[in-house]
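Residue numbers (the working numbering), protein chains in the order written: chain A, 2 to 635; chain B, 31 to 564.
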């Protein structure tokens with residue numbers, strides 16, 4: 002059962018590799034979607050099996066084969082289903098299934114649709130390997146493989162220069178993080194002599210010691226790896242560009258699943274992070290800074306997908322903020338609800354783009370509500386959920402994070418302020434997007450308005466399902482009421498915590514009220530700017546042109562990296578090539594050759610016959626000696 | 031195997047094929063076809079025999095297996111002695127695997143002087159196998175030198191426009207190195223006592239630590255040129271660029287391994303204390319090579335040069351592994367030699383396929399190839415991923431074990447080496463982007479044919495090997511490990527007896543043994559032990 006969760010998408014890949022090309026897009030799409038559906042059923046079965054076990058013993062392990070056995074390094078292909086990986090597997094297969102289904106409609110007619118579905122299944126397989134792996138290296142396999150699929154799918158329309166460039170950028174930036182991850186693995190191995198979770202995590206405290214430098218170093222390196230995959234400062238720059246890929250890919254990989262891998266990983270390593278308050282502080286601080294930075298950029302973007310991309314970076318910041326203050330349950334809770342509503346938002350944006358034949362600029366949209374009713378209402382549900390409006394899913398998970406940011410022993414007022422400010426920005430940019438896209442006057446050409454049509458059923462169905470999840474998804478983790486936090490109770494044992502961390506009812510209610518008020522304020526301001534006072538937003542942009550340009554150009558971080566890192570390395574390499582390689586090393590060799598040549602007086606003959614005749618002479622000589630010796634010796 | 035001299039069959043079958051070819055005429059197309067078929071058949075038969083060798087090879091022992099010894103020139107201490115262990119077996123298989131592939135690739139690629147070409151390839155195969163299996167210095171040296179000539183011819187006759195320059199450079203470089211090695215071998219023969227060329231006998235009694243330095247240096251220089259290690263690498267880009275595709279495949283796939291294998295089989299265990307003394311220097315050069323090779327690769331505008339520099343970088347990993355002096359480094363090093371042969375061999379094959387279509391190696395002349403040749407592009411992407419160490423493919427297993435081993439030896443070196451992993455992604459993916467993707471596609475690339483059946487046949491086995499080693503390296507690792515263990519014991523030997531030479535000095539020789547030095551490499555070995563976790 003455990004391995005069938007994994008192997009079903011892999012089977013989809015193989016079937017499509019063998020038969021998909023000939024049988025065509027429809028076949029490939031349904032094979033891929035069917036594989037995911039079955040994988041979801043397997044994951045659900047796994048989940049139910051876990052529920053049948055007593056809370057302390059919810060872990061199913063499965064061993065496939067010995068992968069790398071060398072001396073002390075014994076790496077097995079082994080997998081683990083515990084509450085944490087079970088939740089992840091459900092999200093990956095469940096949301097993944099809906100997105101596969103949506104893709105059947107979205108990719109209809111694309112020349113590369115078969116290839117697309119192969120990649121999508123391959124991604125699902127890789128992501129499941131990542132979350133189900135029972136040791137660091139299997140996790141790392143999944144970690145790299147999802148990166149590969151991301152690379153392939155961002156650059157899916159490879160005839161577009163920007164897509165090819167974005168794919169490469171994503172891979173390379175991620176590799177920087179992976180480098181740190183790799184070093185962390187070596188450190189773990191040299192301290193524990195093993196890479197198995199079952200060995201390392203239980204022994205972490207005893208082996209490394211709380212507060213030790215080794216623990217801090219390992220955690221910081223692991224987290225550096227997470228900043229790559231999960232798009233945090235300083236490695237978040239690839240994610241916005243990743244929007245070059247087909248929109249369902251943005252939904253699945255760059256919103257719902259892959260980018261949350263870093264959060265999952267940090268949560269999985271919670272036993273290590275518990276040893277290093279410093280590393281926890283770094284995680285929380287980076288999370289808080291990222292959520293503010295990305296949230297503020299999102300406010301000024303005009304590409305519908307880029308707004309959502311920065312929004313994703315920002316929401317991932319929330320998850321790390323939660324993980325950093327030790328509220329892993331809240332982090333995973335937000336991961337799950339975010340998967341629902343962000344997938345919904347991306348798929349909704351895909352529906353818009355689909356209807357507008359590729360248009361992504363919200364300045365050229367408006368009033369689409371009439372033509373795209375289902376897309377419009379589901380998108381609005383997603384907006385309400387991400388903004389954290391009661392009783393939508395995001396309200397509960399964001400509340401859990403904000404509460405922990407304030408009250409956790411690792412938390413503090415500043416963290417809470419950052420989270421609350423982020424909540425305001427989230428509500429504002431989200432409703433700016435909704436108002437400019439679906440409301441107001443339509444800026445499309447008349448003939449295009451007339452032809453505006455809602456997406457096919459196969460695309461709407463996932464939107465409706467995700468909308469339902471975005472509404473009700475938060476109810477599995479209700480605060481305040483004893484025993485109603487099913488989610489927390491299920492996950493709690495993984496992080497070594499009992500249920501019911503929420504005590505201070507009054508404080509919690511007050512904080513909920515504040516964060517709700519802040520979100521409503523954000524929506525209200527967006528309404529004021531973009532519905533009531535038409536163009537008021539632009540007026541503010543003109544009033545502070547510098548700030549506006551700074552946000553519009555994303556704080557010039559890409560330019561900064563290019564100028565400080567990329568170009569210097571390029572220039573240094575070219576210099577080394579011209580001056581050192583050709584100018585010194587090779588010149589020395591050629592010079593030595595020339596000197597020998599001159600000394601030998603064979604100047605004219607060296608370039609042509611010298612070596613050949615030498616070779617022949619040598620061979621002949623050697624042969625003669627051999628013959629002579631053999632004859633004499635024999 | 032009974033009385034069947036399997037190893038000798040494997041060793042001399044290609045050579046016999048080459049001799050047979052001398053009697054096949056290649057005047058017309060039918061003749062050329064016959065030549066190709068004969069060459070292919072012989073190389074395939076050799077490969078089949080080597081599979082039998084693999085099947086019969088016992089894991090779990092470090093002993094030399096399939097040993098064949100015959101008296102040859104007993105009064106000179108020269109014998110015909112061959113055998114394989116876990117260090118040479120993978121490389122032997124790599125050689126017999128790549129040769130038929132090279133021949134199959136050359137089917138339409140080489141049209142000029144076909145017979146000579148295939149004779150050279152088959153002789154080369156025997157030479158390469160010989161180097162890996164020889165257990166006698168004399169034999170080793172004969173194969174070592176004999177291998178040079180066909181390679182020199184392959185570059186010099188069927189190469190590109192600057193082939194003569196490249197071939198001469200290749201030849202001089204390697205000759206310069208091997209002369210020094212010859213001197214060192216002769217010293218061992220005369221001064222070390224016994225007057226024997228038996229490698230195993232010499233491995234059992236390393237010379238006085240005080241003298242090991244010079245001997246090691248002589249061997250090491252010869253091998254370092256072959257690897258090639260920074261800064262002895264400049265012959266490689268030239269040789270690769272000018273060599274015909276099959277030449278590049280063999281050169282990168284097997285010939286470079288002669289250097290790393292030489293370090294492993296000879297230089298390090300023969301002179302263990304010198305190897306330890308030199309280790310810091312070699313480690314520094316290895317990581318410089320990793321980074322420097324990658325940076326050079328990044329700025330090349332010629333695909334073949336790019337791949338050539340990537341070899342400099344990748345073989346730096348192997349050296350890093352070997353000089354980590356631990357099991358992970360050594361096993362990973364051997365595996366990585368095979369991996370590099372597969373990945374880089376495949377890269378050269380694909381570049382060769384592109385070249386045969388467009389007759390240019392300049393990256394700028396390509397672009398958008400994925401649109402016209404999807405299957406070729408898919409293999410290109412796969413091979414690239416294998417080369418940059420994506421988990422699940424072969425490169426990762428080797429790199430990871432090497433780096434894990436190096437990390438135990440010295441975290442700093444391992445970290446710098448691991449940075450090469452980032453760089454490799456940059457230069458390889460950037461190359462892919464410019465060759466395969468993008469909106470620009472030149473007129474000449476329009477309508478470019480995708481893979482032919484023969485090209486499929488060349489690439490599929492390579493791809494299968496990438497997956498096999500990447501996913502299930504266990505059988506291979508199990509065969510390597512005992513030999514790597516034994517090797518570690520050899521290179522880890524600490525104080526070496528000096529005052530009571532076993533076999534005494536041959537009289538009448540001017541070569542003296544210096545005063546017995548007690549300068550034990552103790553501090554070094556101590557550190558080694560401490561770091562030698564787990």
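All residues carry an ideal CB built from backbone N, CA and C; glycine is no exception.
Chain A contact residues for residue i, given Cβ-Cβ distances below 9 angstroms
i: residue 460 of chain B; result: 169 and 173
i: residue 349 of chain B; result: Near residue 349 of chain B there are no residues of chain A at all, since even the closest Cβ is about 18 angstroms away, more than 9 angstroms.
Span of the beta strand (DSSP E) around residue i
i: residue 70 of chain A; result: 61-71
i: residue 82 of chain A; result: 74-82
i: residue 444 of chain A; result: Neither: residue 444 of chain A is in no beta strand (DSSP E) and is coded neither H nor E.
According to DSSP, residues forming a beta bridge with residue i
i: residue 197 of chain A; result: A:136
i: residue 164 of chain B; result: B:112
i: residue 429 of chain B; result: Answer by DSSP bridge pairing: none, since residue 429 of chain B is not bridged.
i: residue 139 of chain B; result: DSSP lists no partner for residue 139 of chain B.
i: residue 304 of chain A; result: A:362
Cross-chain neighbours of residue i in chain B, by beta carbon under 7 angstroms
i: residue 240 of chain A; result: Simply none; closest approach about 17 angstroms.
i: residue 184 of chain A; result: 445 and 448
i: residue 578 of chain A; result: 326 and 329
i: residue 165 of chain A; result: 463, 467 and 468
i: residue 132 of chain A; result: Residues of chain B passing the Cβ test: none, with the nearest at roughly 16 angstroms.
Chain-ordered chain A contacts of residue i [CB-CB under 8 angstroms]
i: residue 502 of chain B; result: 66 and 68
i: residue 431 of chain B; result: 69, 71 and 74
i: residue 361 of chain B; result: 71 and 72
Under 7 angstroms by beta carbon: chain A residues contacting residue i
i: residue 422 of chain B; result: 142 and 146
i: residue 437 of chain B; result: 187 and 191
Three-state class that DSSP yields for residue i in the structure shown
i: residue 380 of chain A; result: helix
i: residue 37 of chain B; result: helix
i: residue 16 of chain A; result: helix
i: residue 473 of chain B; result: helix
i: residue 337 of chain B; result: helix
i: residue 268 of chain B; result: helix
i: residue 276 of chain A; result: coil
i: residue 559 of chain A; result: helix
i: residue 392 of chain B; result: strand
i: residue 111 of chain A; result: coil
i: residue 480 of chain B; result: coil
i: residue 552 of chain B; result: Bear in mind that the predicted position of residue 552 of chain B carries a pLDDT of just 40, short of 50, making it too unreliable to give a figure here.
i: residue 536 of chain B; result: Because residue 536 of chain B carries a pLDDT of 38, less than 50, the predicted location of this residue cannot be relied on, and the following value inherits that uncertainty. Coil, per DSSP.
i: residue 56 of chain B; result: coil
i: residue 238 of chain B; result: coil
Listed by chain order, chain B residues near residue i by CB distance under 8 angstroms
i: residue 1 of chain A; result: This structure leaves residue 1 of chain A out entirely; chain A is present only between 2 and 635.
i: residue 575 of chain A; result: 329
i: residue 448 of chain A; result: Under the 8 angstroms cutoff, chain B gives no residues; its nearest Cβ is about 29 angstroms from residue 448 of chain A.
Run of the alpha helix (DSSP H) containing residue i, from where it starts to where it stops
i: residue 72 of chain B; result: 59-86
i: residue 353 of chain A; result: 329-356
i: residue 100 of chain B; result: Careful: residue 100 of chain B lies outside any alpha helix (DSSP H), inside the beta strand (DSSP E) at 95-103.
i: residue 330 of chain B; result: It is not in any alpha helix (DSSP H) - residue 330 of chain B carries neither H nor E in the DSSP assignment.
i: residue 572 of chain A; result: 568-576
i: residue 400 of chain A; result: 394-408
i: residue 456 of chain A; result: Counting along the chain, residue 456 of chain A falls outside any alpha helix (DSSP H), and DSSP gives it neither H nor E.
Chain-ordered chain B contacts of residue i [CB-CB under 9 angstroms]
i: residue 160 of chain A; result: 398, 400, 401, 467, 468, 469 and 471
i: residue 63 of chain A; result: Within chain B, no residue comes near residue 63 of chain A; the closest Cβ sits about 17 angstroms away, beyond 9 angstroms.
beta-carbon residue i near the ligand HEM non-hydrogen atom, thresh 7 angstroms
i: residue 366 of chain B; result: Looking for the ligand HEM in the displayed structure turns up nothing, as the structure carries no ligands at all.
_Every unbroken alpha helix (DSSP H) within the stretch 464-539 of chain A, with a cutoff of 4 residues, ordered by chain_ = 487-492 and 506-528
*Any chance you could list the alpha helix (DSSP H) runs of at least 4 consecutive residues sitting entirely within the stretch 130-187 of chain A, in chain order?*
137-155
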